[in-house]
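First the structure, in the form of structure tokens, and then the observations on it.
Residue numbers (this note's numbering), protein chains in the order written: chain A, 54 to 258; chain B, 54 to 258; chain C, 54 to 258; chain D, 54 to 258.
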């Protein structure tokens with residue numbers, strides 16, 4: 054089976070999840086404006102929601118770009134099991150608008166800050182294990198990949214994913230007591246991910 | 054008429070319906086947090102919503118995968134009547150975020166549990182009859198299918214659909230009094246559906 | 054300019070508008086269930102919302118199918134003005150979830166029934182004039198259509214659209230005092246539209 | 054890397070953002086109808102929401118059309134940095150349903166009118182700088198564009214963007230004290246943008 058409809062379906066889910074992020078930035082009601090002392094004040098105090106929006110938009114954008122890269126250079130065909138694994142991956146992607154909203158709404162609230170950041174970190178930690186499963190399944194005996202792709206390139210991708218997982222797990226661990234540290238880890242990870250992905254390497258024959 | 058725009062439109066509806074599922078997981082308000090004793094507690098008590106999200110995501114993902122399979126291997130062209138039947142099918146798919154939300158919100162509430170599971174089971178029972186109509190219409194005198202497709206393969210698909218309908222109808226019947234039994238039936242059906250679909254068979258000439 | 058990206062963008066808007074219809078079917082809160090005497094009762098009393106959902110899903114599905122047909126058989130290229138006209142058409146399509154929700158919510162309420170049906174009829178009346186403008190612009194001096202397309206075929210399409218407009222205008226006129234008549238007119242129009250669109254005719258040379 | 058998946062993903066985000074605009078037109082509750090004296094009255098008083106919907110639909114439609122034009126005639130390939138810049142651009146596009154809703158809800162309210170129009174103007178001012186960055190990056194040493202594209206054509210595009218920015222910045226500046234002037238500037242800009250984009254010019258060899 055070819056991967057084109059799988060890619061288009063995934064692109065659709067990415068495009069929707071990334072655009073739904075805006076629905077989580079709350080449009081004020083009249084009562085809210087009175088409580089916060091006017092519309093300017095209300096909108097200024099929404100800054101954690103804007104920030105969550107920007108961070109999550111980039112996180113999802115980077116995942117989209119990497120998914121795109123994976124299907125252009127690594128994955129060459131698909132089967133039913135692989136389709137189901139990709140559904141699992143998309144499930145973790147579509148979950149992000151929820152954790153983003155929770156963080157945006159409660160990060161300024163001292164009482165709930167830790168739980169809000171923990172929630173966001175869990176959301177961030179969900180996709181990488183599913184990508185790991187996808188890559189392990191596809192590259193096992195070069196099942197769904199270009200047979201000429203070098204073992205070294207594949208291993209490099211797996212190591213990078215494990216590093217990402219360790220970084221995000223660290224952010225999650227800190228979030229219970231030091232949420233600010235978690236956010237800095239996430240932002241640093243984001244900047245590392247802005248680097249371009251690896252070019253594929255092939256075995257010489 | 055070729056099926057490519059029909060497939061793309063259907064993929065769009067699937068991608069949106071599956072991503073809208075997350076909108077039904079409710080983002081807490083301040084009052085909710087006070088009522089449930091903190092954000093951690095609130096989020097832990099949302100587990101029926103997460104579970105409904107996961108089950109419905111897989112249900113819609115499997116329907117997408119099977120629809121994809123049907124249009125790759127069985128349906129070769131389309132006409133206006135077939136387009137309208139596909140719209141009817143998509144109508145049952147787009148309805149699922151509603152029944153998923155009702156189940157997630159009320160399954161923990163003893164008073165409304167049966168009705169919540171009944172609602173979800175009705176949602177689950179709606180698509181198969183429309184697929185049956187689609188297959189019967191398309192295969193009648195091999196109207197819209199590959200003329201070499203074997204009668205045996207077509208009949209196998211119809212029998213499988215009827216089995217699915219019986220399973221889901223049983224889940225619905227139990228939901229009025231034994232909702233837990235219904236949920237187990239749905240989960241078992243889900244695992245059966247994780248099996249890959251049949252490869253097409255052709256008449257020898 | 055070719056029409057493929059225009060078609061894909063339009064398909065996207067159609068797919069989203071049709072799937073957003075479900076967001077307008079309201080998920081109950083605890084208070085609603087107490088007020089309406091249980092979840093079964095609540096869900097049964099939602100029937101006008103289900104009905105509006107079904108009618109609007111078919112209306113949008115038929116518009117999608119006709120748009121598809123128009124771009125397969127009639128429109129062959131596009132320009133900037135035509136793109137803007139298509140945006141105007143899509144604006145009337147994306148408006149339908151709003152009018153559908155208003156009808157579903159208030160048609161059972163004697164006091165607001167007429168206004169609710171009027172709202173829905175206005176929503177139904179918006180797309181045809183924009184399609185008329187699209188067809189007149191595209192066929193004027195056969196600007197954007199196949200030059201061999203017969204004048205007779207083009208005129209038939211315009212006459213059909215004017216009939217649709219008259220039917221929907223009549224539904225709108227009745228809605229102020231006899232909303233039930235309006236709904237019957239809409240349903241009858243729907244059945245007429247289930248008929249397949251015309252096959253294109255070409256000038257003999 | 055080719056631009057086709059980038060274009061499809063962008064089309065998806067555009068289609069969703071433009072269709073989500075309708076979710077910001079508020080469906081009334083019973084209390085709202087009593088407060089505003091009936092459904093007709095309520096719907097008539099929603100006119101600022103309809104107007105915001107129409108203006109933003111055209112704004113997003115024009116951005117889509119220009120993005121389309123840019124990728125058909127100017128941008129010929131993409132790289133990772135360019136993908137990330139396009140994500141930044143899409144982030145400003147997906148933000149528009151929020152600013153549209155704020156304007157629609159509060160423009161009639163004397164106390165909050167200025168802030169509402171300021172919000173909308175900020176939303177309008179966000180995309181052009183990101184497009185400027187995109188064009189500067191792509192055309193620097195003709196990195197991602199057709200090498201035969203004339204310098205004069207590229208400069209014309211940049212000058213036009215700077216003009217747009219000045220116009221929108223003026224609208225923003227007026228919004229703090231004279232919101233009505235801002236709205237007129239936006240509407241005039243909209244009409245200018247209805248003009249077709251420039252045809253590309255190539256260097257003679």
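Glycine included, every Cβ here is placed at the ideal spot set by N, Cα and C.
No experiment lies behind these values; they were computed from the predicted model shown.
Taking buried to mean at least 16 other C-beta atoms within 10 Å of its own C-beta, is residue i buried or exposed?
i              : result
residue 158(A) : buried
residue 240(A) : exposed
residue 99(B)  : buried
residue 92(C)  : buried
residue 114(C) : buried
residue 247(C) : exposed
residue 94(C)  : exposed
residue 64(D)  : buried
residue 212(A) : exposed
residue 66(A)  : buried
residue 106(C) : buried
residue 245(D) : exposed
residue 216(D) : exposed
residue 127(C) : buried
residue 77(C)  : buried
residue 186(C) : exposed
residue 84(D)  : exposed
residue 170(A) : buried
Along the alpha helix (DSSP H) that carries residue i, what are the first and last residues, could you check?
i              : result
residue 153(C) : 149-159
residue 87(D)  : 83-89
residue 121(B) : 100-126
residue 57(A)  : 57-73
residue 97(C)  : 92-97
residue 234(C) : 232-246
Whose CA, out of the options, lies closest to the CA of residue i?
i              : options                           : result
residue 152(A) : 135(A), 141(A), 210(A) and 178(A) : 178(A)
residue 87(A)  : 89(D), 230(D), 165(D) and 101(D)  : 165(D)
residue 103(D) : 233(D), 75(D) and 141(D)          : 75(D)
residue 182(A) : 237(A), 203(A) and 138(A)         : 138(A)
residue 253(B) : 143(B), 66(B) and 201(B)          : 201(B)
residue 2(C)   : 90(C), 62(C), 61(C) and 109(C)    : Only positions 54 to 258 of chain C appear in the structure, and residue 2(C) is not among them; the question remains open.
residue 232(C) : 172(C), 180(C) and 187(C)         : 172(C)
residue 190(A) : 125(A), 238(A), 133(A) and 116(A) : 133(A)
residue 188(B) : 85(B), 81(B) and 129(B)           : 129(B)
residue 122(B) : 208(A), 221(A), 58(A) and 226(A)  : 58(A)
residue 184(B) : 85(B), 54(B) and 116(B)           : 116(B)
residue 198(D) : 255(D), 229(D) and 180(D)         : 255(D)
residue 119(C) : 224(C), 227(C) and 214(C)         : 214(C)
residue 206(D) : 219(D), 218(D), 196(D) and 192(D) : 192(D)
residue 79(A)  : 97(A), 70(A) and 69(A)            : 97(A)
residue 224(B) : 150(B), 176(B) and 81(B)          : 176(B)
residue 112(C) : 228(C), 81(C), 186(C) and 70(C)   : 70(C)
residue 196(D) : 90(D), 154(D) and 131(D)          : 131(D)
residue 167(D) : 148(D), 228(D) and 150(D)         : 228(D)
With respect to 8 Å, is the separation between the Cβ of residue i and the closest non-hydrogen atom of the ligand ZN below this value?
i             : result
residue 66(D) : Among the components modelled here there is no ligand, and therefore nothing to report on the ligand ZN.
Inset, instruction - Using a Cβ-Cβ cut-off of less than 8 Å, give me the residues of the segment 86-98 of chain A that come near chain D, in sequence order. - result: The segment 86-98 of chain A vs chain D, Cβ under 8 Å: 86, 91, 92, 93 and 96.
Inset, instruction - Name, going along the chain, the residues of the segment 127-155 of chain D whose beta-carbon falls closer than 9 Å to a beta-carbon of chain A. - result: For the segment 127-155 of chain D, the residues whose beta carbon sits under 9 Å from a beta carbon of chain A are, in order, 132, 133, 134, 136, 137, 139, 140, 141, 143, 144, 146, 147, 148, 149, 150, 151, 154 and 155.
Legend entry - Minimum length 4: unbroken alpha helix (DSSP H) runs contained in the segment 173-209 of chain B: With a minimum length of 4 residues, the continuous alpha helix (DSSP H) runs that stay inside the segment 173-209 of chain B are 180-192.
Inset, instruction - With 9 Å as the limit, tell me which residues of the segment 243-257 of chain B have their beta carbon closer than that to any beta carbon of chain A; keep them in chain order. - result: Within the segment 243-257 of chain B, the residues whose Cβ lies closer than 9 Å to some Cβ of chain A are 247, 248, 249 and 250, listed in chain order.
Inset, instruction - Taking only beta carbons into account, state which residues of the segment 58-75 of chain A come closer than 7 Å to chain B, listed in chain order. - result: Residues 58, 61, 62, 65, 66, 69, 70 and 73.
Legend entry - Residues of the segment 110-124 of chain A whose Cβ lies closer than 9 Å to any Cβ of chain D, in chain order: Correct list: 110, 111, 113, 114, 115, 117, 118, 121, 122 and 124.
Inset, instruction - May I ask you to list, following chain order, the residues of the segment 162-188 of chain D that have a beta carbon less than 7 Å from some beta carbon of chain A? - result: From the segment 162-188 of chain D, only 165, 168, 169 and 172 have a Cβ closer than 7 Å to chain A.
Inset, instruction - Pull out every residue of the segment 203-236 of chain B whose Cβ sits closer than 7 Å to any Cβ of chain A, in chain order. - result: Listed in sequence order: no entries.
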